[in-house]
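Numbering (this note's numbering), first residue to last: -3 to 285. Every residue gets a Cβ at the ideal spot worked out from N, C-alpha and C, and that includes glycine. These figures come from a predicted structure and were not determined experimentally.
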Ligand code: NAD
């Protein structure tokens, strides 16, 4: 590290709270070191109370970029100069690019999911997907999928505080993209089965299957899955959720959330450096396979 950090090294910051558990510093610093790029990535405990000052600091220190996570993904928008189309539609930002003092907010979670599919040889473009969830991860995936050319998206969610967000997402997709979108109650399991039946892909984009709901799934049994269906999960710990286990038993091709995690970082990395993250090296080093 003493050799790597110089008077020229540029700082990228992750601003969130809590954040000490994050794997992002390990991912980005490994990629910078591997490619010999003169950047360092550090995590900063920043919440909504200190966010405005942190963004001013980013400008003052001429930091080329930053990542944001909860609780700052929506709160940061008033402090930025522009938003990418996906960030505007999502109403959330996880990556900032600072170009000569002009700060643009991007959301790379959805790109990360779509890239992860592509990396696994899965092509959902022009097809129908069914997806459960309407929180941060789900919205980013739904918006990006619609922007990228997925033909139809059936969204399921429980009737909790995220329900209204799901309605807004359906409206935005319908009005601003060529994709057809609809919202259903996740409690309506007959409808869920019906929508999955003519979908190319089913995605879990809720926290179901990870702690404190590890070992659980809202999919009642294997009859919901046919062998040709692709089944994906945003959850990456555990690497195989109860739902993915069930899907594998039904003969489906599956993908967990590791790829999305890596590719959302790769997209941010590209936005800051103009360089592709060395994906194969990262998978080996970080044991993402
Ligand atoms: P969030 O809090 O914004 O959204 C939570 C979602 O889960 C909502 O749609 C909510 O209605 C739903 N939900 C809550 N309890 C439920 C239940 N009992 N049954 C069914 N649905 C329920 O969370 P988020 O940030 O969108 O994260 C969701 C999951 O995605 C988490 O497991 C998180 O770790 C994962 N995630 C993964 C990546 C990645 O890169 N792989 C990125 C972001 C989030």
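Nearest to residue 166 by alpha-carbon distance, out of 126, 237 and 57, is 126. By the neighbour-count definition (other C-beta atoms within 10 Å, threshold 16), residue 102 is a buried residue. Judged by DSSP in its simplified three-state form, residue 229 adopts strand. Leaving aside the five residues that flank residue 134 on each side, the residues in its chain whose CB is nearer than 6 Å to its CB run, in chain order, 201. Just measuring C-alpha positions, the residue of 132, 55 and 273 sitting nearest residue 203 is 132. As DSSP reads the structure, residue 61 sits in a beta bridge with 8 and 93. Annotation for residue 236: no alpha helix (DSSP H) segment contains it, and DSSP assigns it neither H nor E. Ligand 1 has no heavy atom closer than 7 Å to the beta-carbon of residue 44. Beta-carbon to beta-carbon, residue 85 and residue 172 are separated by about 7 Å, close enough to satisfy the 8 Å threshold. Taking residue 2 as the centre and dropping the five residues before and after it, the same chain places the C-beta of 34 closer than 8 Å to its C-beta, in chain order.
DSSP places residue 127 inside the beta strand (DSSP E), whose first and last residues are 124 to 128.
Along the stretch 237 to 277, the alpha helix (DSSP H) occurs as fully enclosed runs of 4 or more residues at 238 to 245 and 254 to 269, listed in sequence order. Take residue 168, set aside five residues on each side of it, and the residues of its chain with a beta-carbon closer than 6 Å to its own are 85, in chain order.
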